[in-house]
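Residue numbers (the UniProt record's numbering): 19 to 346.
Glycine included, C-beta positions come from ideal geometry on N, C-alpha and C.
Before any comments, here is the structure.
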Amino acid sequence: NRQIILASRPTGLPCPENFRMIESSVPVPGEGEVLIRHTHLGLAPAARLQMGEAASYRAPMKIGDVIYGQALGTVLKSRNPLYREGDVVMIQDGGWQEYSISDGHAVTKVESDIAPLTVWLGALGTSGMTAYVGLLDFGLPQMGETVVVSAASGAVGSMVGQIARIKGCRVVGIAGGQEKMTHLRRDFGYDAAVDYKDAAFDEALREACSAGIDVYFDNVGGHVRDVAWPLMNRNGRIVVCGQISEYNDSPASGPGWFDILARRLSVRGFILSDHANRRPDFLRDMGAWYREGRIAIREEVQEGLDLAVPAFIAMLQGKNSGKAIIKL
Ligand code: NDP
């Protein structure tokens, strides 16, 4: 069983010395387990994260661990009643190796008559489902809206762009290099394609999004995100799916947008004046809590109109504690 293991933790971009190929015996399945011969590995940027020491949303690999990753394969031996020899399966965590053992958990059968095998690692696999769930459940795209996707020609991004088109959105893809611009427009049907490696990227994105951005599906973070951010329309949605531009940082830079991803935080703005209908509920609940002594209050009261400006500036510098008030 040839395996690729983590030989050392990368600093910045991984280099070949960070990996080592080793050979071990083919494992033997125990009771309830299956032995799978891998036919395909799905490479995912997230593996780079787990090569670092920093905790992300998954435990870091240890030195000597087989590199994490999805695999497609065939069941060679089964001691699990749910799988038969010859079944084609997708193994969520097969790893970069020729064979793996599984207890059936995180293994799904693949219907190879529906689509070619490799499609089960992409469009019909985790990449496609990430796009589907991220866009539809969190991006909430509406017909006619502008959806912007970064890493737009990648496994996830290309699905996002196409699902958004199906939903009747105008779709702008961001990727690196002229060749990918052609893929975006010609292969995936993006309405506009913008090259973030071009010196004129900021301006080009603004032009491509003349009606602003309603949904930004963020796969990359960093500068691309920072340029997209001010173009967001009111009530826009930002879906933080990946932050690949930070994955080579060691340790992953943070706290920052990566935490939004790792901790599954939501990014959503609101302006109170849009929610006036909540006032009766607010007064009822807050009034009750206050009367019950459950609300602690701090105030910084200063006297004299002439203190308004310095108090205001101090407040912006965080020098106040509690509500800043000027008594006249
Ligand atoms: P891709 O197929 O999109 O490959 C990665 C792409 O990222 C590269 O092709 C490259 O395209 C782009 N890229 C690499 N470095 C940078 C950089 N510094 N700045 C901007 N773009 C960069 O991979 P996936 O589709 O598998 O993954 C895309 C994203 O989705 C990743 O961030 C990944 O972690 C995330 N993901 C999240 C999941 C979740 O559950 N939240 C599940 C699966 C994936 P380009 O030419 O455009 O630079």
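Ligand 1 has no heavy atom closer than 8 Å to the beta-carbon of Thr200. If you ignore the 5 residues before and after Asn338, its C-beta comes within less than 8 Å of the C-beta of Glu318, Ala329, Ala332, all in its own chain and listed in chain order. Close CB contacts of Glu51 within its chain, under the 7 Å cut and outside five residues either way in sequence, are with Arg97, Asn98, Ile119, Ser120, Asp121 (chain order). For the region 249-320, the continuous beta strand (DSSP E) assignments of 3+ residues that do not extend past its boundaries occur at 250-258, in sequence order. Three or more Cβ pairs drawn from the region 138-150 and the region 173-181 lie within less than 8 Å of each other, which places the two stretches in contact. At the C-beta level, Val245 and Leu279 stay beyond 9 Å of one another. When C-beta atoms of the region 149-168 are compared with those of the region 231-245, three or more pairs fall below 8 Å, so the two segments count as touching.
Selection Asn266, Ile40, Gly91, Val166 evaluated against Ala193 yields Val166 as nearest (Cα-Cα). The C-beta distance from Ala211 to Gly191 rounds to 5 Å, short enough to meet the 8 Å contact threshold. Exposed is the label assigned to Leu290, since fewer than 16 other Cβ atoms lie within 10 Å of its Cβ. Under the three-state reduction of DSSP output, Gln196 falls in the helix class. Taken through DSSP and simplified to helix, strand or coil, Tyr150 comes out as helix. Gln261 has its Cβ nearer than 8 Å to a heavy atom of ligand 1. One thing to note: Cys187 has its Cβ no nearer than 9 Å to the Cβ of Met147. Shortest gap from the CB of Gly274 to any heavy atom of ligand 1: 8 Å or more. Counting along the chain, Gln21 sits inside the beta strand (DSSP E) bounded by residues 20-24.
Bounds of any beta strand (DSSP E) do not take in Ala65; it lies within the alpha helix (DSSP H) bounded by 64-69. In terms of Cβ geometry, Ile132 and Val84 do not form a close pair [threshold 9 Å]. Selection Ser74, Arg102, Leu90, Tyr117 evaluated against Asn19 yields Tyr117 as nearest (Cα-Cα). Taken through DSSP and simplified to helix, strand or coil, His123 comes out as coil. Two segments are said to touch when three or more pairs of C-beta atoms, one from each, lie closer than 8 Å; by this definition the region 20-40 touches the region 72-86.
Taken from the Cβ of Tyr117, every heavy atom of ligand 1 lies 8 Å or farther away. In the three-state reduction of the DSSP assignment, Asp155 falls in the helix class. Taking C-beta atoms as the reference points, Ile54 and Leu100 fail to come closer than 9 Å. Pro134 and Cys227 have their C-alpha atoms spaced approximately 36 Å apart.
Secondary structure note for Ile184: its alpha helix (DSSP H) is the uninterrupted segment 173-184. Here His56 really is in contact with Gly91; their C-beta atoms are around 4 Å apart, less than 8 Å. Distance from the CA atom of Arg66 to the CA atom of Val151, rounded to whole angstroms, is 23 Å. The beta carbon of Lys185 sits closer than 6 Å to those of Pro159, all from its chain and outside the five residues before and after it, given in chain order.
Rounded to the nearest whole angstrom, the CA to CA distance from Met250 to Val242 is 13 Å. Contact annotation, Gly70 with Arg27: C-beta distance approximately 6 Å; criterion of less than 8 Å satisfied.
The DSSP-derived three-state label of Phe330 is helix. One thing to note: Gln110 has its Cβ within 9 Å of the Cβ of Val125. Under a 10 Å Cβ-count criterion, Tyr214 is classified as buried, with 16 or more other Cβ atoms of the shown protein chains found around its own Cβ.
DSSP places Glu225 inside the alpha helix (DSSP H), whose first and last residues are 219-226.
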